[in-house]
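Trainee: Have a look at this one.
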Amino acid sequence: MSAKPIISFQALKVSNEHRNAYGLRYNDHQRYRKHCANRTHRLRSTLKMTHGKGRDFKKLPSLTNDNIKDGHLQLLLFEAERAWSYSQELLTQSLLPANEDKASTLRHSATGRFRRAVNWSTQLLSHCQSLYNVDRLSAENLVQATVYTIILNGRFLRYRDEFEDALNQLSVARSLLDDLASAAATSRDQALAILFSDDISAEIRHCAHELGRAKAYDIDGIVAELAPQNRSNIVENSDALIAKLGSQGQAAAKGESRTKLKELTWEGEPVPVRSPELVDVLLKVQEAEARLSESQGSAAGTKAPAKSKKGVAAYDAILLALSDAEELSRKLSEAQQLASSSTGASSNNRDIHFVYAYIVYQLLRYRIQRDLLLISALLASQPDKAALKASSSSKAEAVDARLFPAVVKLLDTVLQSFNQMRTLSTVDDNPDLATAVDSRISFTKTRRCIYLARCYAPLKKYAESLTLLQHGNIHLRETTSSLSLSTNDAITAANPKFFPISDIDLKELENSLSSDSSQYKRDWFAHNGGSVSKDPKEYKKPLFFDIALNYVELPMDRLLERAGKAPALVAAPAPVQAKQQTQVKGEHASEKKAPQKAKIEETRPATPQPAAQGRAGLSSLLGGWWGKS
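Numbering (UniProt numbering), first residue to last: 1 to 629.
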């Protein structure tokens with residue numbers, strides 16, 4: 001007879017995944033209850049446990065150790081979850097002011113559903129114990145089923161105000177969860193045990209407070225006192241079960257070294273990771289960091305620098321993993337905020353907010369390093385000192401016009417990342433770290449002013465370039481002042497490769513500012529003598545000045561009369577002019593006739609000339625403005 005296959009059934013893992021995926025992350029018990037109903041229906045159809053269409057009742061075969069499957073265990077689990085979720089939904093409805101008249105009925109129905117959930121979980125535990133006795137279920141799976149049943153039973157006793165029994169049950173469950181966390185082969189299993197342990201810690205504290213314990217806040221002390229006394233009464237063969245759990249955990253941990261998350265630290269303190277989902281994405285971040293370290297190590301071992309494409313690809317992988325971690329931690333933080341609005345703040349809420357800030361800091365840190373790598377790759381492509389020669393000498397090797405604007409754009413993204421980093425609570429709470437971030441912001445602003453000035457120089461906008469360099473000098477002084485406020489650099493102490501600032505870097509930046517300023521001043525003087533306005537040779541009269549001069553005829557005689565400067569009219573001897581004109585016509589009768597315009601000029605009487613003293617009045621002034629062009 002062949003041996004039966006071993007069943008793998010993790011009650012805590014399955015319940016946690018479905019609770020988070022179908023509504024309980026936001027306390028939506030109605031949605032989760034409907035999901036459990038649909039899930040049980042599909043499981044019954046798969047296991048062929050549905051009732052027939054006929055009227056005759058056909059009893060289903062009883063479950064034995066030979067024919068039981070993991071689907072049967074899941075069916076019992078979701079039946080218990082469905083009843084428990086329905087009881088919580090009814091309790092929530094009984095507290096609404098609109099249901100005040102039927103509150104007692106709703107509480108009675110909730111009690112019945114809660115009792116039914118305990119009944120389903122007890123059946124689940126009995127089947128798991130039977131499978132464990134015939135070696136078809138591991139010790140870890142049995143402990144998880146035991147913990148699930150004890151938690152439900154303890155919550156039911158607490159609901160019925162039986163605080164002493166509830167405290168004993170929950171204390172034993174907490175001790176078993178601690179054993180699961182210590183014997184976990186993977187970081188995900190460890191985080192799962194810690195998650196359920198945090199969930200029942202508040203209930204243990206409430207029961208201890210109702211019983212009048214002096215140190216109700218000391219949950220670890222209460223568990224250490226009550227768990228050894230009641231474990232053997234609640235859990236069958238508890239000592240042998242815990243011993244086997246430890247041995248199986250050590251054997252499984254040997255082959256699961258890759259799935260073990262390294263300890264995350266912040267300022268010497270461990271970062272609490274209490275979500276199994278968060279462990280998965282942080283493991284991806286850990287693998288990406290390992291690949292990045294390998295690529296940087298291989299690049300450091302060779303004399304030639306590594307190609308920027310490979311380095312950027314390594315940063316892209318870790319940024320992708322950190323983006324997923326940031327999105328998940330943000331969702332968890334928002335869910336905790338919604339839950340804490342009704343249940344109050346707890347240590348778990350503070351932990352998830354701290355983890356979110358830590359992940360965002362790491363994301364911004366690697367993003368800044370990637371941008372700095374791109375800047376160094378861009379600047380390495382230009383010839384030495386070409387920026388200064390391009391504006392002064394046409395024979396010098398020209399710089400790509402897109403280079404400096406691209407560098408300025410990357411520096412803008414670096415500034416944006418630093419400004420976002422400065423607003424994080426983890427940075428704001430640490431004065432040394434906040435000062436270090438401020439110094440990096442000022443240093444980046446100085447570099448941005450230098451490269452932005454180099455963008456204006458080829459366009460002959462030397463005034464703008466020199467103004468930017470003056471701003472750069474101000475930011476450089478701010479950097480020096482910020483660095484002098486603290487004895488040690490908090491950023492360099494935690495991550496030596498992340499944006500180090502040395503005295504040599506500050507000196508080079510100061511030399512660049514002074515040399516660029518001198519060069520722009522020389523170029524400006526050679527261009528137009530240092531004048532802010534345009535070249536005088538290119539001066540053009542205003543447009544409306546020419547229009548008025550060519551098309552507006554001024555009434556000069558009327559203006560002179562109104563000014564009192566009208567000249568005296570001198571009558572010319574008309575007959576003499578006529579006689580002379582007839583003589584001229586007689587002499588030149590044989591010649592060709594002059595043009596019509598010449599005849600009109602000859603016959604026009606002479607214009608009377610004004611007196612000499614009138615030239616100094618209004619006529620001379622207007623003549624200077626509107627006279628000959």
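Idealized CB from N, CA, C, for every residue including glycine. Since we're looking at a predicted model, the values are computed, not measured.
Could you say which of GLU277, GLU334, ASP220 lies nearest to ARG26 if we only look at CA atoms?
Mentor: In the sequence on display, residue 26 carries Tyr and not Arg. Nearest option by C-alpha distance: GLU334.
Trainee: Following the continuous alpha helix (DSSP H) through SER514, name the residue where it begins and the one where it ends.
Mentor: From DSSP, the alpha helix (DSSP H) with SER514 extends over 503 to 528.
Trainee: Quick one: which unbroken beta strand (DSSP E) runs of 3-plus residues sit fully inside the region 409 to 440? Chain order, please.
Mentor: Here no run is fully enclosed.
Trainee: In three-state DSSP terms, what is PRO276?
Mentor: Looking at PRO276 - three-state DSSP - the assignment turns out to be helix.
Trainee: To the nearest angstrom, report how far apart TRP84 and SER175 are at their CA atoms.
Mentor: C-alpha separation (whole angstroms): 23 angstroms.
Trainee: Decide if the region 64 to 80 is in contact with the region 114 to 127; the criterion is three or more beta carbon pairs, one per stretch, under 8 angstroms apart.
Mentor: As far as the Cβ criterion goes, the region 64 to 80 touches the region 114 to 127, which means the pair count is three or higher.
Trainee: Thinking C-alpha only, which one of ASP503, ASP432, ASP198 is nearest ALA490?
Mentor: Comparing Cα-Cα distances from ALA490 to each of ASP503, ASP432, ASP198, the minimum goes to ASP432.
Trainee: My output table needs one value for GLU269: the three-state DSSP class, helix, strand or coil.
Mentor: GLU269: strand per DSSP, three-state reduction.
Trainee: Cβ of THR444 within 8 angstroms of Cβ of VAL408?
Mentor: No, these two residues do not count as a Cβ contact at 8 angstroms.
Trainee: Please name the residue or residues paired with LEU137 in a DSSP beta bridge.
Mentor: Answer is ILE7, bridged to LEU137.
Trainee: When the Cα of THR479 is compared with those of LEU63, ASP505, GLN144, which residue comes out closest?
Mentor: Ranking the options by Cα distance to THR479, first place goes to ASP505.
Trainee: Count the other C-beta atoms from every protein chain shown that fall within 10 angstroms of the C-beta of VAL134, then say buried if there are 16 or more, exposed otherwise.
Mentor: Exposed: under 16 other Cβ atoms inside 10 Å.
Trainee: Give the range of the alpha helix (DSSP H) segment to which VAL82 is assigned.
Mentor: The sequence shown places Arg at residue 82, rather than the Val named in the question. Element bounds for ARG82: 70 to 94.
Trainee: Could you have a look at PHE156 and say whether DSSP puts it in helix, strand or coil?
Mentor: In the structure shown, PHE156 sits in a helix (DSSP, three-state: H, G or I).
Trainee: For the alpha helix (DSSP H) holding GLN470, just list the boundary residues, first then last.
Mentor: Unbroken alpha helix (DSSP H) run through GLN470: 462 to 483.
Trainee: Less than 8 angstroms between the C-beta atoms of ILE219 and ARG205, yes or no?
Mentor: Cβ atoms of ILE219 and ARG205: closer than 8 angstroms.
Trainee: Closest to LYS331 by CA distance: which of GLU277, LEU283, GLN420 is it?
Mentor: When each option's Cα is compared against that of LYS331, the closest is GLU277.
Trainee: Could you name the residues of the same chain whose beta carbon sits closer than 8 angstroms to that of TYR361, not counting the 5 residues immediately before and after it, in chain order?
Mentor: Cβ neighbours of TYR361 beyond the five flanking positions: MET421, LEU424, THR426, VAL427.
Trainee: In three-state DSSP terms, what is ALA345?
Mentor: Confidence in ALA345 is poor, its pLDDT being 46 and thus under 50, which makes the residue's placement too unreliable to answer from.
Trainee: What's the C-alpha gap between ASP179 and TYR451?
Mentor: Rounded to whole angstroms, ASP179 to TYR451 spans 59 angstroms at the Cα level.
Trainee: Could you tell me which uninterrupted alpha helix (DSSP H) segments, each at least 4 residues in length, are contained entirely in the region 169 to 252, listed from first to last along the chain?
Mentor: Whole alpha helix (DSSP H) segments, 4+ residues: 187 to 210, 219 to 234.
Trainee: Over the uninterrupted alpha helix (DSSP H) stretch that includes TYR32, give me the two end residues.
Mentor: Note, TYR32: alpha helix (DSSP H), 29 to 46.
Trainee: Would you check if there are 3 or more beta carbon pairs closer than 8 angstroms linking the region 282 to 291 to the region 208 to 223?
Mentor: No, the region 282 to 291 does not touch the region 208 to 223.
Trainee: Buried or exposed: where does GLU89 fall if 16 or more other Cβ atoms within 10 Å of its Cβ makes it buried?
Mentor: By the neighbour-count rule (16 or more Cβ atoms within 10 Å), GLU89 is buried.
Trainee: Looking only at its own chain, which residues have a Cβ that is under 7 angstroms from the Cβ of ASN168, when we skip the five neighbours before and after it?
Mentor: These residues qualify, in order along the chain: LEU226, ASN230.
Trainee: Compute the Euclidean distance between the alpha carbons of PHE404 and ALA202, then round it to the nearest angstrom.
Mentor: Approximately 58 angstroms, taken between the alpha carbons.
Trainee: What are the start and end residues of the alpha helix (DSSP H) that includes ARG55?
Mentor: No alpha helix (DSSP H) contains ARG55, which DSSP labels as neither H nor E.
Trainee: Is DSSP giving GLU100 helix, strand or coil here?
Mentor: If DSSP states are grouped into helix, strand and coil, GLU100 belongs with coil.
Trainee: Can you tell which of VAL172, LYS507, GLN123, PHE196 has the C-alpha that lies nearest to the C-alpha of VAL223?
Mentor: Here the closest residue by C-alpha is VAL172.
Trainee: Can you give me the C-alpha to C-alpha distance between LEU363 and LEU322, rounded to a whole angstrom?
Mentor: When rounded, the distance between both Cα atoms is 6 angstroms.
Trainee: Ordered along the chain, which non-local residues of its own chain (more than five positions away) have a Cβ less than 8 angstroms from that of ALA589?
Mentor: The predicted model places ALA589 with a pLDDT of 47, which falls under 50 and marks its position as unreliable; any figure quoted below should be read in that light. Excluding sequence neighbours, ALA589 sits near nothing in its chain.
Trainee: ARG136: which of THR64, ALA80, ASP429 sits nearest, CA to CA?
Mentor: Comparing Cα-Cα distances from ARG136 to each of THR64, ALA80, ASP429, the minimum goes to THR64.
Trainee: Where do the N-terminal and C-terminal ends of the alpha helix (DSSP H) with THR492 fall, by residue?
Mentor: That run of the alpha helix (DSSP H) goes 490 to 494.
Trainee: Express the C-alpha separation of LYS497 and GLN296 in angstroms, rounding to a whole number.
Mentor: In a straight line, the C-alpha of GLN296 is about 11 angstroms away from that of LYS497.
Trainee: So the alpha helix (DSSP H) GLU561 belongs to, where does it begin and stop?
Mentor: Where GLU561 is concerned, the enclosing alpha helix (DSSP H) stretches over 556 to 563.
Trainee: Buried or exposed for THR40, going by 16 or more other Cβ atoms inside 10 Å?
Mentor: With 16 or more Cβ atoms within 10 Å of its Cβ, THR40 is classed as buried.
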